[in-house]
Amino acid sequence: MAQKQRRITGTRVGAAGGWGSLRGIVDVYGAEHPVPGVGRTLIQLNKPGGTMCTSCAWGKPAKPGLFEICENGAKATIWDLTTDRCTPEFFAEHSLEELRRWSDHDLEMQGRLTEPLRYDVGSDRYIRCTWDEAFASIGATLRQLDPQSVVFYASGRASLETSYLYALFARLYGHNNLPDSSNMCHETTSVSLKEHIGTPVGTCVLEDFEHCDAIFYFGQNPATNSGRFLHPLQKAVRRGCRLIVFNPVMEKGLVEFIDPQNPLEMLTGHGTRLAHQYLQVKAGGDIAAIVGVCKHLLEMDDAALQRGGPGILDRDFLQEHCHQHEAFLEQVRRTSWEEIEQHSGLQRDALASAASVYAEAQRVIGVYGMGLTQHVHGSQAIGTLLNLLLLRGNIGREGAGICPVRGHSNVQGQRTVGISEKPELVPLDRLAELFDFQPPREQGLATVDACEAIRAGRVKAFIALGGNFLRAIPEQEAMEKAWAAQELTVSIATKLNRSHLFPGKEAWLLPCLVRSEIDVQAGGAQVVTIEDSFSHIHASHGQHEPASPHLRSELAIVTGMAKATLAPNPRCDWDAWTADYGKVRDLIAATYPEFHDFNARLDTPGGFYRGNPARERRWQTASGKAEFTLPTVLSSLGLGDAPGRYHLITMRSNDQFNTTIYGYSDRLRGLEGSRMVLLMNSEDMTAAGLREGQEVSLQSDAGDELVRQVDGLRVTTFPLPRGCVGGYYPELNPLIPLWYHDEHSKTPAAKGVPVRIHTGAIRESRHAAAL
Ligand SMILES: Nc1nc2c(c(=O)[nH]1)N[C@H]1C(S)=C(S)[C@@H](COP(=O)(O)OP(=O)(O)OC[C@H]3O[C@@H](n4cnc5c(=O)[nH]c(N)nc54)[C@H](O)[C@@H]3O)O[C@H]1N2
Ligand SMILES: Nc1nc2c(c(=O)[nH]1)N[C@H]1C(S)=C(S)[C@@H](COP(=O)(O)OP(=O)(O)OC[C@H]3O[C@@H](n4cnc5c(=O)[nH]c(N)nc54)[C@H](O)[C@@H]3O)O[C@H]1N2
Ligand SMILES: [Mo]
Numbered sequence: 001m002a003q004k005q006r007r008i009t010g011t012r013v014g015a016a017g018g019w020g021s022l023r024g025i026v027d028v029y030g031a032e033h034p035v036p037g038v039g040r041t042l043i044q045l046n047k048p049g050g051t052m053c054t055s056c057a058w059g060k061p062a063k064p065g066l067f068e069i070c071e072n073g074a075k076a077t078i079w080d081l082t083t084d085r086c087t088p089e090f091f092a093e094h095s096l097e098e099l100r101r102w103s104d105h106d107l108e109m110q111g112r113l114t115e116p117l118r119y120d121v122g123s124d125r126y127i128r129c130t131w132d133e134a135f136a137s138i139g140a141t142l143r144q145l146d147p148q149s150v151v152f153y154a155s156g157r158a159s160l161e162t163s164y165l166y167a168l169f170a171r172l173y174g175h176n177n178l179p180d181s182s183n184m185c186h187e188t189t190s191v192s193l194k195e196h197i198g199t200p201v202g203t204c205v206l207e208d209f210e211h212c213d214a215i216f217y218f219g220q221n222p223a224t225n226s227g228r229f230l231h232p233l234q235k236a237v238r239r240g241c242r243l244i245v246f247n248p249v250m251e252k253g254l255v256e257f258i259d260p261q262n263p264l265e266m267l268t269g270h271g272t273r274l275a276h277q278y279l280q281v282k283a284g285g286d287i288a289a290i291v292g293v294c295k296h297l298l299e300m301d302d303a304a305l306q307r308g309g310p311g312i313l314d315r316d317f318l319q320e321h322c323h324q325h326e327a328f329l330e331q332v333r334r335t336s337w338e339e340i341e342q343h344s345g346l347q348r349d350a351l352a353s354a355a356s357v358y359a360e361a362q363r364v365i366g367v368y369g370m371g372l373t374q375h376v377h378g379s380q381a382i383g384t385l386l387n388l389l390l391l392r393g394n395i396g397r398e399g400a401g402i403c404p405v406r407g408h409s410n411v412q413g414q415r416t417v418g419i420s421e422k423p424e425l426v427p428l429d430r431l432a433e434l435f436d437f438q439p440p441r442e443q444g445l446a447t448v449d450a451c452e453a454i455r456a457g458r459v460k461a462f463i464a465l466g467g468n469f470l471r472a473i474p475e476q477e478a479m480e481k482a483w484a485a486q487e488l489t490v491s492i493a494t495k496l497n498r499s500h501l502f503p504g505k506e507a508w509l510l511p512c513l514v515r516s517e518i519d520v521q522a523g524g525a526q527v528v529t530i531e532d533s534f535s536h537i538h539a540s541h542g543q544h545e546p547a548s549p550h551l552r553s554e555l556a557i558v559t560g561m562a563k564a565t566l567a568p569n570p571r572c573d574w575d576a577w578t579a580d581y582g583k584v585r586d587l588i589a590a591t592y593p594e595f596h597d598f599n600a601r602l603d604t605p606g607g608f609y610r611g612n613p614a615r616e617r618r619w620q621t622a623s624g625k626a627e628f629t630l631p632t633v634l635s636s637l638g639l640g641d642a643p644g645r646y647h648l649i650t651m652r653s654n655d656q657f658n659t660t661i662y663g664y665s666d667r668l669r670g671l672e673g674s675r676m677v678l679l680m681n682s683e684d685m686t687a688a689g690l691r692e693g694q695e696v697s698l699q700s701d702a703g704d705e706l707v708r709q710v711d712g713l714r715v716t717t718f719p720l721p722r723g724c725v726g727g728y729y730p731e732l733n734p735l736i737p738l739w740y741h742d743e744h745s746k747t748p749a750a751k752g753v754p755v756r757i758h759t760g761a762i763r764e765s766r767h768a769a770a771l
């Protein structure tokens with residue numbers, strides 16, 4: 001079978017949305033030849049009775065638009081519903097040794113996996129097997145291993161029902177080793193928000209965007225990563241809300257949006273200008289920038305008080321609800337404008353205008369994404385943003401609050417229903433009571449811990465419920481080398497990816513249904529549920545015939561493995577749960593009271609709200625109040641400036657979903673045709689004697705012995721702040737040291753990686769060969 005490939009060329013820079021976004025969908029449609037009926041599925045996407053998109057976790061409004069989809073949601077759906085199939089015959093033709101030289105894009109382009117597969121060492125190939133054989137063998141191996149040496153990873157797509165049972169399986173078996181893609185993503189949020197406002201998730205609901213007067217927007221790229229956010233943003237700006245953006249990259253989607261569902265905007269090509277002010281902060285410069293805004297607020301407050309007015313800060317709120325605010329304000333007073341300007345890369349005047357907007361607004365929302373979370377001092381940056389909001393009581397009021405934009409479509413929900421390595425976050429006593437067992441109480445392994453343990457040879461088996469762990473993590477080369485020493489690896493997946501090409505001694509590749517497919521079990525067709533970024537729960541209904549009759553649902557695969565591994569327990573009827581997911585929802589409701597009447601509330605328009613104490617100003621923190629952060633640094637970077645050192649931002653293009661590479665167009669940034677680029681400020685290029693298109697290598701500059709290198713990058717001029725360079729995730733992941741992560745949550749610091757540029761002899765490498 002020939003390798004199926006696709007290349008996209010041609011430049012189409014423009015506003016976010018508009019014709020470009022429709023063409024983006026058409027490109028994927030043309031390459032994937034999706035099954036019939038995709039159009040109907042897209043129309044019903046994110047609406048009650050329809051499928052909930054597998055792309056991002058953005059909220060689903062109670063009154064949806066005609067199309068409640070975005071360019072990338074459509075791409076993700078079409079990508080799942082391709083007619084291409086990656087069959088056992090494909091694997092008969094290609095050894096894993098060969099496939100390791102393929103690019104991420106070409107691997108996934110082979111289409112949907114169709115049958116369960118077992119790795120055969122002799123031929124270095126995956127070969128067809130039966131489900132019974134797979135479950136029996138996995139069960140037998142797991143029974144022989146120490147449960148503490150086994151890791152159950154989850155990437156944030158699997159439903160609440162599957163996630164609940166997966167976590168239960170782990171605990172019945174005997175471990176809390178439940179890392180999640182969240183550990184590389186918003187774990188900084190979970191840890192920081194929990195510590196400071198007593199809840200691990202954002203406090204906003206979708207309707208807050210109808211009432212806010214200003215949005216302070218840090219390090220999140222809506223046009224690419226949460227396209228449906230552009231509609232509420234556009235509406236907010238149109239009614240006078242001011243959008244203040246902090247981002248080293250001038251992201252088109254925050255500058256202008258043309259609504260593809262608005263004929264006038266489409267015809268005239270004129271959309272809505274979004275950002276009132278766009279501050280191109282340095283990578284990691286957010287703490288300094290926010291402290292600068294606070295400093296100006298304080299100056300305004302002093303002046304207002306001197307005039308005999310009430311002041312700018314919400315003193316009643318601070319007095320009643322906050323802890324340590326005086327210490328923070330003292331710290332702000334002590335910080336000089338020189339330091340603020342140096343670390344943020346922003347001018348005092350620009351920060352003062354942002355502060356004026358903040359002070360004039362009655363209700364402010366703070367939005368953020370990976371630009372804050374993926375830094376060594378990311379938790380402090382989130383804490384400092386909370387400080388800013390708290391200063392004027394912007395938490396726990398309609399139209400105000402903190403809004404982390406979550407990634408995977410059910411990543412927040414997986415944590416809610418027990419996928420957590422932190423036993424203190426899980427109602428273990430309740431589980432003990434419900435299922436009559438002693439749950440393990442030890443801390444489990446998060447992603448970085450799991451990587452360390454794998455490198456040290458302490459992990460013997462790794463089960464992956466989705467995702468592409470080996471490609472998403474830092475320290476990729478060393479991790480790939482260590483991986484094969486494991487006794488057992490199991491991947492539950494929809495499409496082939498690089499992680500599948502590094503089998504343990506015993507390895508299984510188990511293909512599952514996607515969310516848009518009909519899931520028929522003994523009790524009939526099933527629905528599944530997910531939780532969005534705003535803590536609302538939605539049912540998702542499958543619409544399409546499965547890609548292959550041999551596929552199983554994720555839930556059935558989890559229960560299949562559990563049954564084959566665990567001793568019988570009269571309280572655990574895995575078969576009954578598989579036959580009727582409603583019974584699993586009853587278990588979720590019995591474990592987590594906020595899920596009461598779960599089955600009756602399945603298709604609530606807009607989802608049903610799980611609630612959030614901080615939204616009601618109930619602070620479940622150490623002091624019982626909202627805790628101010630006292631930042632110990634002004635930059636979130638782990639390593640500061642040094643001669644020859646640049647701070648690398650790893651970015652997502654408009655043509656990818658994490659490690660799934662749809663194509664080679666980054667339309668909104670005007671970058672086309674290749675992902676092996678090194679984006680640089682033109683003055684930095686001149687200073688370093690580099691020319692446009694020159695081929696260079698990057699090495700990490702982390703001060704340790706390990707050589708981490710990626711070759712074959714083309715220098716490309718790009719308007720980044722000086723000292724910052726940009727390139728794509730996951731191609732540049734080999735450069736991130738495993739130890740370079742957020743100090744509290746261990747989220748890998750993928751946005752401020754210290755690197756140096758080399759122009760010398762270029763080592764032959766798979767990274768250069770990949771494209
Ligand atoms: N189409 C599509 N949708 C996706 C995904 C995808 O890959 N493709 N991924 C999903 C997942 S899992 C996630 S977590 C989300 C990710 O969505 P985002 O949170 O938007 O993540 P990124 O695109 O990695 O980076 C966000 C922004 O941070 C900026 N940035 C980098 N460094 C800094 C900094 O130091 N300070 C500030 N203020 N900004 C900075 C970057 O320029 C970029 O605009 O999207 C989800 N949705
Ligand atoms: N340098 C750098 N590294 C990063 C990031 C970054 O910004 N920069 N971002 C981090 C973030 S935010 C995240 S969330 C992680 C992502 O890490 P992961 O979640 O592990 O990776 P994905 O690329 O989302 O996983 C893609 C694979 O999931 C499988 N899949 C797709 N749909 C389904 C499904 O419905 N069920 C199952 N079982 N499998 C499915 C397919 O086989 C596909 O190949 O990467 C992190 N790594
Ligand atoms: Mo993520």
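Start counting the sequence shown at 1; every next residue gets the next number (the numbering used here). Glycine included, each C-beta is placed from N, C-alpha and C at the ideal position.
Determine the direct distance from the alpha carbon of Arg722 to that of Gly689, and round the result to whole angstroms.
Each residue's alpha carbon lies about 15 Å from the other.
Pick out whichever of Thr659, Val35, Gly727, Tyr662 has its Cα sitting closest to the Cα of Leu679.
Out of Thr659, Val35, Gly727, Tyr662, Gly727 has the C-alpha closest to the C-alpha of Leu679.
Ala769 in three-state terms, based on DSSP
The predicted model places Ala769 with a pLDDT of 33, which falls under 50 and marks its position as unreliable; any figure quoted below should be read in that light. Here Ala769 sits in helix by DSSP.
Quick one: what does DSSP say Val357 is sitting in, helix, strand or coil?
helix
Nearest CA to the CA of Glu115: which residue from Leu510, Thr717, Pro222, Arg601?
Leu510
State whether the segment 126–145 contacts the segment 102–111, with contact taken as three or more CB pairs (one from each stretch) at a distance under 8 Å.
no
Is there at least one non-hydrogen atom of ligand 1 closer than 7 Å to the beta-carbon of Phe246?
yes
Check whether the Cβ of Asn221 lies closer than 7 Å to any heavy atom of ligand 1, and answer yes or no.
Yes, the Cβ of Asn221 comes within 7 Å of a heavy atom of ligand 1.
Ligand 2 and Arg157: does the residue's C-beta get closer than 7 Å to at least one heavy atom of that ligand?
yes
Distance check for Ile312 and Leu243, CA to CA, integer angstroms please.
20 Å
Hey, Leu96 and Pro503 are a contact pair by Cβ (cut 8 Å); roughly how many whole angstroms apart?
7 Å
Check whether the Cβ atoms of Tyr581 and Glu161 lie closer than 8 Å to each other.
yes
Run the proximity test for Phe657: is its beta-carbon closer than 7 Å to any non-hydrogen atom belonging to ligand 2?
yes
Is it the case that the Cβ atoms of Ala450 and Pro179 are separated by a distance below 8 Å?
Taking a C-beta distance under 8 Å as the contact criterion, Ala450 and Pro179 qualify as a contact pair.
Could you give the DSSP three-state label for Gly10: helix, strand or coil?
Per-residue confidence for Gly10 stands at a pLDDT of 36, beneath the threshold of 50, marking its modelled position as unreliable; the derived number appears in the next sentence. In this structure, Gly10 counts as coil in the three-state DSSP scheme.
Count the other C-beta atoms from every protein chain shown that fall within 10 angstroms of the C-beta of Ala76, then say buried if there are 16 or more, exposed otherwise.
buried
Evaluate Gly542 with the Cβ neighbour count: other Cβ atoms within 10 Å of its Cβ, from every protein chain shown; 16 or more gives buried, anything less gives exposed.
buried
Tell me, which residues are paired with Pro748 by DSSP?
His741
Leu254 and Gly59: beta carbons closer than 8 Å?
no
Excluding the five sequence neighbours on either side, which residues of its own chain have a C-beta within less than 8 Å of the C-beta of Leu305, listed in chain order?
Gly311
Would you say the beta carbon of Met651 comes nearer than 7 Å to a heavy atom of ligand 1?
yes
What residues are listed by DSSP as bridge partners for Lys495?
Arg112
Is the separation between the beta-carbon of Asp704 and that of Pro754 shorter than 8 Å?
Using a Cβ distance threshold of 8 Å, Asp704 and Pro754 do not count as a contacting pair.
Do you know whose CA, among His377, Ile473, Glu133, lies nearest Asp286's CA?
His377
Considering only the alpha carbon of each residue, which of Tyr29, Gly39, Pro546 lies closest to Arg112?
It is Pro546.
Would you say Asn612 touches ligand 1, meaning its beta carbon is less than 7 Å from a heavy atom?
no
What does DSSP give as the partner residue(s) for Glu265 in the beta ladder?
Beta-bridge pairing links Glu265 to no other residue.
If you count every other CB in all the chains shown that lies within 10 Å of the CB of Arg406, and 16 or more means buried, which is it?
buried
Count the other CB atoms within 10 Å of the CB of Gly30; is the residue buried (16 or more) or exposed (fewer)?
exposed
At which residues does the beta strand (DSSP E) containing His647 begin and terminate?
646–651
So, are the CB atoms of Phe317 and Phe628 less than 8 Å apart?
no
To the nearest angstrom, how far is the alpha carbon of Arg618 from that of Ser21?
42 Å
What is the rounded straight-line gap between the Cα of His758 and the Cα of Thr632?
One C-alpha to the other measures close to 33 Å.
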